[in-house]
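First comes the structure, then the notes that go with it.
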Amino acid sequence: MVLSDKQPLTSIEICAGAGGQAVGLHAAGFRHLALVEIDQHAVETLRLNVRGRRGWGWEKKNCKVLHMDVKEFKAVTELPDLESGELDLLAGGVPCPPFSIAGKQLGQDDERDLFPKMLDLVEEMRPKAVMIENVRGLLQPEHKFRGYREQIKQRLRDAGYVICGWEILEAGDFGVPQLRPRAILVAIRKDYYRGFDWPKPAANRVTVAKALDKSMRRRFGDDEASYQRWREAAGRGIAPTLVGGSKKHGGADLGPSRAKAAWKALGVDGLGVANDEHEADVARDLYSKNNIGPKLTVGQAAIIQGFPEDWEFYGGKTARYRQVGNAFPPPVAKAVGESIVEALRRTGELLPDPDADSDDGSLLTLSLLPTQEALAAASDRVSDNECTAVG
């Protein structure tokens, strides 16, 4: 089907979470036909934003937010008007525990592994492009899951796709003030493949101080001395990886001991999450007993992930923080999405302007100036790439 300039690039996301990937892909030019998620709080977050977010009018009319186990999702049932081969992008952040370095790394032997379901959906819908996000443990150490990666790639080849490979992208290279490496797989259907270029690092590292300056100044109010002490510490670097944790393990905090130590060096108390500003316990939230510094609010954690400041999260403090901590940083999704848009444009079909009807410039884009160090970093990435048609 040849697209007109009035028809948007369409996407479906499985395991959509609180919408980090959806935000980024929307900013890249995609419009969402469906967002599939099993967690009730995350589903309500998606519905809240799809219904009321400025610039998401197309989704308000056309997007289905589906509260369901992705294993039960069938496009023919949920989207009966969608023809096979018509969808532009199928994307998903399949659960990371099977491959997480912090877990047992059972891989395909873990019942939570949803790669097979993702591939079933690829075969059912035949999207023009596929994007799958997971933790770096899928690629590091390189040998551990090599056989399983090859099985996944071969199944995609057999379905008629060119494998553009797996690449570990570091969120900090895309303006996110956080160390958050993610393994990204991209594949493009053979009849749409004319080459693919992975996004290159395009930014100076954004420090925690720069990202949170406005919100932290507001929280400290007239206490200029405490604000300046925090700002000096937070200007030393970017944040460690935020972790959302699980429902089985207590309340929200900023991660294991090593992460808490890194936060301490940045002037942030990682022993818990602050209350929202309008209901703050000032003594607890801003002035820790051990004089480390303030705790982060959920909103500030979302900024650390690269969410727009006006993206709303549903639920109590712990539920909202878990949604934030488990999210895919929107600026990384945007960068990969733009590369996919560019690849699809090479077919010569008339594709819509990815900047049309988009007001998502509020993604965290602080100090996005290329540097030699940033550009050189692209060659240091861990990858499993081929970009050749096989079979």
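In full-length UniProt numbering, the protein residues as written are 1 to 391. Where a beta carbon is used, it is the ideal one built from N, C-alpha and C, also for glycine. Since the structure is predicted, the reported quantities are computational estimates derived from the model, not experimental observations.
Cβ neighbour criterion (16 or more within 10 Å) applied to residue i
{"i": "H143", "result": "exposed"}
{"i": "E44", "result": "buried"}
{"i": "Q228", "result": "exposed"}
{"i": "M131", "result": "buried"}
{"i": "S257", "result": "exposed"}
{"i": "E279", "result": "exposed"}
{"i": "R205", "result": "buried"}
{"i": "A319", "result": "buried"}
{"i": "N326", "result": "buried"}
{"i": "G316", "result": "exposed"}
{"i": "S339", "result": "buried"}
{"i": "P370", "result": "Bear in mind that a pLDDT of 35 at P370, under 50, signals an unreliable position, so the number given afterwards is only what the model happens to contain. When all chains shown are included, P370 counts as exposed."}
{"i": "K153", "result": "buried"}
{"i": "R219", "result": "buried"}
{"i": "P240", "result": "buried"}
{"i": "E37", "result": "buried"}
{"i": "D173", "result": "buried"}
{"i": "D158", "result": "exposed"}
{"i": "N290", "result": "exposed"}
{"i": "L84", "result": "The displayed chain sequence assigns Ser, not Leu, to residue 84. S84 comes out exposed."}
{"i": "R180", "result": "buried"}
{"i": "M68", "result": "exposed"}
{"i": "E150", "result": "exposed"}
{"i": "A283", "result": "exposed"}
{"i": "A262", "result": "buried"}
{"i": "R51", "result": "exposed"}
{"i": "D81", "result": "exposed"}
{"i": "E13", "result": "buried"}
Where residue i sits in the DSSP three-state scheme
{"i": "T10", "result": "strand"}
{"i": "G17", "result": "coil"}
{"i": "R180", "result": "coil"}
{"i": "A186", "result": "According to the sequence shown, residue 186 is Val rather than Ala. V186: strand per DSSP, three-state reduction."}
{"i": "V206", "result": "coil"}
{"i": "Y192", "result": "helix"}
{"i": "I163", "result": "strand"}
{"i": "A333", "result": "helix"}
{"i": "A301", "result": "helix"}
{"i": "A239", "result": "strand"}
{"i": "A343", "result": "helix"}
{"i": "residue 435", "result": "There is simply no residue 435 to check, as the chain begins at 1 and stops at 391 in what is shown."}
{"i": "V23", "result": "helix"}
{"i": "K214", "result": "helix"}
{"i": "I152", "result": "helix"}
{"i": "V273", "result": "coil"}
{"i": "S226", "result": "helix"}
{"i": "G147", "result": "helix"}
{"i": "E309", "result": "coil"}
{"i": "Y314", "result": "coil"}
{"i": "residue 392", "result": "Because residue 392 is not part of the residues shown, which for the chain are 1 to 391, the question remains open."}
{"i": "F328", "result": "coil"}
{"i": "K295", "result": "coil"}
{"i": "D158", "result": "helix"}
{"i": "K260", "result": "helix"}
Bridge-paired residues (DSSP) for residue i
{"i": "F30", "result": "L9"}
{"i": "L169", "result": "R182"}
(message) Runs of 3 residues minimum, wholly inside the stretch 34-102: which ones carry the beta strand (DSSP E) assignment?
(response) 64-67 and 89-93
(message) Report the start-end ranges of each beta strand (DSSP E) in the stretch 117-145 that is 3 residues or longer and not cut off at the edges.
(response) 129-135
(message) Is it the case that the stretch 43-60 contacts the stretch 69-77, given that we only count it when at least three CB pairs across the two stretches are under 8 angstroms?
(response) no
(request) Answer yes if the stretch 217-234 comes into contact with the stretch 281-295, meaning at least three C-beta pairs across the two stretches below 8 angstroms, and no otherwise. (result) yes
(request) May I ask you to verify whether the stretch 302-311 touches the stretch 59-67, counting CB pairs closer than 8 angstroms and requiring at least 3? (result) no
(request) Count the C-beta pairs between the stretch 173-193 and the stretch 115-129 that are closer than 8 angstroms, then say yes if the count reaches three, no if not. (result) yes
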